[in-house]
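J.: As you go down the protein sequences, you meet chains A and B in turn. Taking the working numbering, the leading residue of the first sequence gets 2, the next gets one more, and so forth. Taking the working numbering, the leading residue of the second sequence gets 9, the next gets one more, and so forth. Built from N, CA and C at the ideal position, the CB exists for glycine as well. The structure under discussion is supplied below as structure tokens; questions concerning it will follow.
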Amino acid sequence: MSVTYLEAIREAQTKLLRDDDRVFIYGQDIAGKFGGAFKATKGLAEQFPGRVLNTPISEDAMVGTAIGAAMEGMRPIVEMQFADFSSIALNQILNNAGTQYWRTNTSCSITVRLPSGGTKGSGPFHSQSMEGIYSHYPGLVVVTPATVEDAYTMLIDAVAIDDPVIYCEHKYLYYHLKAEALPTEKLPIGKARVVRPGRDLSIVTNSAMVHEALAVAQQFSAEGIEIEVVDLRSIKPLDTETVLASVARTGKLLCVGEAFPWGGVTAEVIARVTTEGFHLLDAAPARINAKDTPIPYHPNLWTEHRPNAKTIAAKARQVLAE
Amino acid sequence: MPQLGESMAEATIVAIKVQPGEKVSADQEIIEVETDKAVMGVTTPCAGEIAKIDAEVKGTYAVGAILGYVEASDADAARFQKRAPQPPKGDVAKEIPGREEESAKAVPTQNGSGSHFQVDETALPSVATGSHFQVDQSGVLPVPAGTKGAGYLSPRVRARMAELQLTQADLAGIAGTGNAGRVTIKDLETFLGGIEGQTAEKPSAIRTGVADAMRRSWTRPLATVGVSVCLDPVLQDRAKRDPKPGPALYALRALAVALAEQPNAAARLIGGRAIRSESIDVGVAVEAQDGIMVPVVRDADKTSLADLTTRYAELVDLARRRRLTTEQTAGGIASVSNFGTFGLDWGTPIPLPDQTLLLGLGAGKKAPVWSEEKQQFLPATQAELTLSFDHRSLDGGGAGRLLQRIVELLADPSKL
């Protein structure tokens with residue numbers, strides 16, 4: 002038996018619906034035969050009648066409704082069709098959900114699932130990575146699972162958290178990533194993971210870029226250069242300790258992110274390492290992101306727009322040569 | 009302010025020889041300036057009338073600064089091809105080479121309104137392609153292209169050095185493998201790992217102290233000059249005295265007397281100031297176990313050799329037994345090293361880090377010396393006298409005059 006990243010998300014939701022009466026799923030076209038744009042909820046409406054609900058095409062209303070339900074003690078999961086459209090719900094997420102606990106001392110346990118990141122031919126409105134924006138605001142927890150195992154356990158943990166959680170699932174990994182079985186162990190949200198140990202350079206990254214980084218590490222290993230790859234997993238809270246420990250081992254840092262280059266996760270990681278771990282650095286830290294333009298439709302342009310194994314390798318060589 | 013010499017960066021105005029309204033011819037010397045090398049004249053770029061003088065006497069101006077204006081006819085101005093200076097470049101940041109990460113070249117597109125920006129992040133840094141030095145002419149600070157080069161120590165390497173109390177001198181044995189031969193943290197750790205297996209013992213406190221003093225002193229431009237001295241008068245004088253002073257004490261006393269006459273020779277240059285001591289206290293290097301002690305003889309210029317002898321002997325004895333107090337080693341302005349006791353003829357000893365001068369005395373040896381009077385070689389006891397000095401404070405001429413004076417004094421030692 003094997004489980005894809007997408008199936009792990011569906012399995013996690015099945016378990017959540019089964020184990021906890023307070024959980025329901027709210028999204029566009031997720032019930033009925035369609036089962037959601039990516040089929041993440043396929044069959045769940047039949048299995049759990051009245052708990053997998055179709056919504057109007059209004060992200061604003063979807064999140065607003067979920068916040069109200071959470072106030073009444075429910076634990077809703079909101080499925081956005083694409084992360085890009087969650088911007089329509091920014092007011093509800095940032096101003097209402099994010100601040101609720103601090104304003105009212107009541108929890109706002111909603112989970113918003115964002116199908117994130119690029120796939121070939123998806124263009125500017127169906128490819129974006131929003132984790133940097135949401136992490137900027139207080140009151141939110143932001144996670145970006147990069148493995149089948151994390152997709153499963155982090156979604157279950159997200160629903161259990163009393164704060165609003167932005168769960169960024171990567172669309173490219175939906176079908177590309179497979180595991181033998183669902184995990185029996187988990188690493189909690191807030192912890193990063195060293196997915197490949199190394200001694201020459203730390204690549205700190207998240208989501209689909211973890212796999213690009215691993216490909217680069219594999220390639221360099223043949224030359225006797227050992228790259229350590231750190232999967233952040235959770236963007237907020239950010240596990241600075243694990244990152245610093247990695248830089249302490251290697252002395253060199255390259256941050257890779259699929260999001261746009263201005264500010265964001267890679268900039269935050271570098272800011273933390275240079276302020277808290279300047280003495281650990283044997284070279285100027287580097288970062289590589291998508292280009293600072295809207296995401297192109299054309300598959301060839303898209304491949305060049307985001308960091309890929311080739312461009313990451315070139316940047317890694319630059320840092321290694323310092 | 010014209011560039012009056014290759015290494016000239018700025019100059020100070022000594023005199024202004026013209027007034028506004030005065031007629032001047034081309035290449036007329038109108039302002040006298042002093043650089044670190046010489047006094048030179050600034051001449052007019054072309055004929056005309058002095059319109060305005062902005063410069064002030066005693067003011068220091070960088071090359072390229074405006075000192076004043078000459079009003080010239082168009083014909084004159086054209087003939088001498090002088091134009092008004094270009095205003096400083098506005099967008100200096102764009103001129104900085106090699107800012108790759110943030111260097112996304114913003115290029116206005118040619119289409120439509122032209123208000124969109126295309127960003128090309130793939131542009132590679134344009135640095136380190138040539139071996140020549142580029143000097144920014146716009147008057148702003150040059151921006152280094154990156155953390156490269158053999159002399160570069162990364163934050164990590166610096167932190168590790170600080171932790172282990174290493175200095176750059178300790179890293180001399182490491183051939184760096186980093187960019188342009190810099191020492192990377194791995195080079196440092198490999199080096200440390202390599203010496204780990206070797207026999208190591210903790211150096212004595214005195215050894216550590218000498219090492220630190222020599223390293224600090226070596227940061228200065230040190231030079232040594234030398235001259236032969238005939239020791240026979242000293243040896244004859246010594247035979248008559250009781251107690252008997254050693255040759256080093258004669259040298260010390262002669263140095264003190266010479267310094268009383270030429271006190272600037274021992275001045276220490278700190279920042280823009282030449283620091284001179286009130287009293288002429290001279291140290292003497294004494295070999296003790298595992299290092300050197302330098303007791304200081306106070307007011308050596310004012311005390312006769314006879315009176316110095318006993319005090320000197322006591323200090324040397326205390327030094328050999330390493331029983332000197334801090335007061336007895338502090339405050340010297342120059343020192344004497346009698347390296348002749350090791351059978352050495354010549355040396356370039358290093359002055360103490362807080363002193364400018366060190367007088368060295370080589371071993372006395374019988375040698376044939378030409379006598380003009382008798383027109384033949386005569387046997388004499390010759391020794392080499394060296395003077396090591398901080399070349400920032402003193403030049404070969406000053407060092408030579410001091411040394412010649414010491415030779416003179418040693419020729420007539422009964423007066424010391």
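Quick check on the DSSP output: what are the complete alpha helix (DSSP H) runs of length 4 or more inside the stretch 211 to 248 of chain B, in order along the chain?
T.: Fully enclosed alpha helix (DSSP H) runs of 4 or longer: 213 to 225 and 240 to 248.
J.: Cα separation between residue 192 of chain A and residue 155 of chain A?
T.: Roughly 11 angstroms between the two C-alpha positions.
J.: Would you verify that the beta carbon of residue 337 of chain B is, or is not, closer than 7 angstroms to some beta carbon of chain A?
T.: False, the Cβ-Cβ gap to chain A never drops below 7 angstroms.
J.: Give the range of the alpha helix (DSSP H) segment to which residue 114 of chain A is assigned.
T.: Looking at the DSSP string, residue 114 of chain A is not in any alpha helix (DSSP H); the run it does join, the beta strand (DSSP E), is 112 to 117.
J.: Contact criterion: CB-CB distance below 7 angstroms. Does residue 280 of chain A meet it with respect to chain B?
T.: With 7 angstroms as the cut-off, residue 280 of chain A counts as an interface residue toward chain B.
J.: Using DSSP bridges, identify the partner residues of residue 55 of chain A.
T.: DSSP lists A:28 as partners of residue 55 of chain A.
J.: Quick one: any contact between the stretch 204 to 214 of chain A and the stretch 26 to 45 of chain A, if contact means 3 or more CB pairs under 8 angstroms?
T.: Short answer: they don't touch.
J.: Where residue 69 of chain B and residue 9 of chain B are concerned, what is the direct C-alpha to C-alpha distance, given to the nearest angstrom?
T.: Each residue's alpha carbon lies about 7 angstroms from the other.
J.: What are the start and end residues of the beta strand (DSSP E) that includes residue 376 of chain B?
T.: 373 to 379 is the span of the beta strand (DSSP E), which, as asked, contains residue 376 of chain B.
J.: Would you mind giving the Cβ-Cβ distance between residue 189 of chain A and residue 150 of chain A, rounded to the nearest angstrom? I have them listed as a contact below 8 angstroms.
T.: Incorrect: roughly 13 angstroms between the Cβ atoms, too far for contact.
J.: Nearest-angstrom Cα distance between residue 366 of chain B and residue 350 of chain B?
T.: If you take the alpha carbons of residue 366 of chain B and residue 350 of chain B, they lie about 17 angstroms apart.
J.: Mind pulling the chain A residues with CB within less than 9 angstroms of residue 192 of chain B?
T.: Result: 252, 283, 284 and 323.
J.: Determine the chain A residues that contact residue 183 of chain B at a beta-carbon separation under 7 angstroms, and present them in chain order.
T.: Neighbours of residue 183 of chain B on chain A: none; closest Cβ ~17 angstroms, over 7 angstroms.
J.: Indicate the three-state DSSP secondary structure (helix, strand or coil) for residue 135 of chain A in the structure shown.
T.: Helix, per DSSP.
J.: Closer than 7 angstroms, CB to CB, is residue 228 of chain B near chain A or not?
T.: Not one chain A Cβ lies under 7 angstroms of residue 228 of chain B.
J.: Ignore the nearest five residues each way along the sequence and tell me which others in residue 223 of chain B's own chain have a CB closer than 8 angstroms to its CB.
T.: Hits under 8 angstroms: 175 and 177.
J.: Using DSSP with H/G/I as helix, E/B as strand and the rest coil, what is residue 96 of chain B?
T.: Because residue 96 of chain B carries a pLDDT of 44, less than 50, the predicted location of this residue cannot be relied on, and no value is offered for it.
J.: So with CB distances below 7 angstroms, who are the chain A contacts of residue 53 of chain B?
T.: Correct list: empty, because the minimum Cβ distance to chain A is about 46 angstroms.
J.: Check whether the stretch 260 to 271 of chain A touches the stretch 213 to 223 of chain A, taking contact to mean three or more Cβ pairs, one atom from each stretch, closer than 8 angstroms.
T.: Not touching, per the Cβ criterion.
J.: Can you name, in chain order, every residue of its own chain whose Cβ lies under 7 angstroms from the Cβ of residue 353 of chain B, other than the five neighbours on each side?
T.: Same-chain partners within the cutoff: 370, 371 and 392.
J.: Between residue 188 of chain B and chain A, is the shortest Cβ-Cβ distance under 7 angstroms, so that the two count as touching?
T.: For residue 188 of chain B, the answer is no, since every Cβ of chain A falls outside 7 angstroms of its Cβ.
J.: Within 10 Å of its beta-carbon, does residue 102 of chain B have 16 or more other beta-carbons around it, so buried, or fewer, so exposed?
T.: Legend: pLDDT at residue 102 of chain B = 44, less than 50; position of this residue unreliable, no value from coordinates given.
J.: To which residues of the same chain is residue 130 of chain B closer than 8 angstroms at the C-beta, ignoring the five residues directly before and after it?
T.: Caution applies to residue 130 of chain B, whose pLDDT of 47 falls short of 50 and renders its modelled position unreliable; the model cannot decide the point.
J.: Please state whether DSSP places residue 412 of chain B in a helix, a strand or coil.
T.: It is helical.
J.: Since residue 291 of chain A and residue 320 of chain A should fall inside the 8 angstroms C-beta cutoff, what is the C-beta to C-beta distance between them, to a whole number of angstroms?
T.: Between residue 320 of chain A and residue 291 of chain A the Cβ distance is about 19 angstroms, and since that is not below 8 angstroms, they are no contact.
J.: Return the Cβ separation of residue 298 of chain A and residue 122 of chain A in integer angstroms, given the expectation that the two are a contact with Cβ distance under 8 angstroms.
T.: At roughly 6 angstroms, the Cβ-Cβ gap stays under 8 angstroms, so residue 298 of chain A and residue 122 of chain A are in contact.
J.: Starting from residue 392 of chain B and walking both ways along the beta strand (DSSP E), at which residues does that stretch end?
T.: Element bounds for residue 392 of chain B: 384 to 398.
J.: Between the Cα of residue 225 of chain B and those of B:267, B:276 and B:376, spot the shortest distance and give me the residue it belongs to.
T.: Considering only alpha carbons, the answer is B:276.
J.: Just to confirm, is the Cβ distance from residue 173 of chain A to residue 120 of chain A under 7 angstroms?
T.: Their beta carbons are under 7 angstroms apart, which means residue 173 of chain A touches residue 120 of chain A by this criterion.
J.: Which partner residues of residue 369 of chain B appear in the DSSP bridge assignment?
T.: B:393.
J.: Would you report the Cα separation of residue 35 of chain B and residue 305 of chain B, rounded to the nearest angstrom?
T.: Going from the Cα of residue 35 of chain B to the Cα of residue 305 of chain B covers about 59 angstroms.
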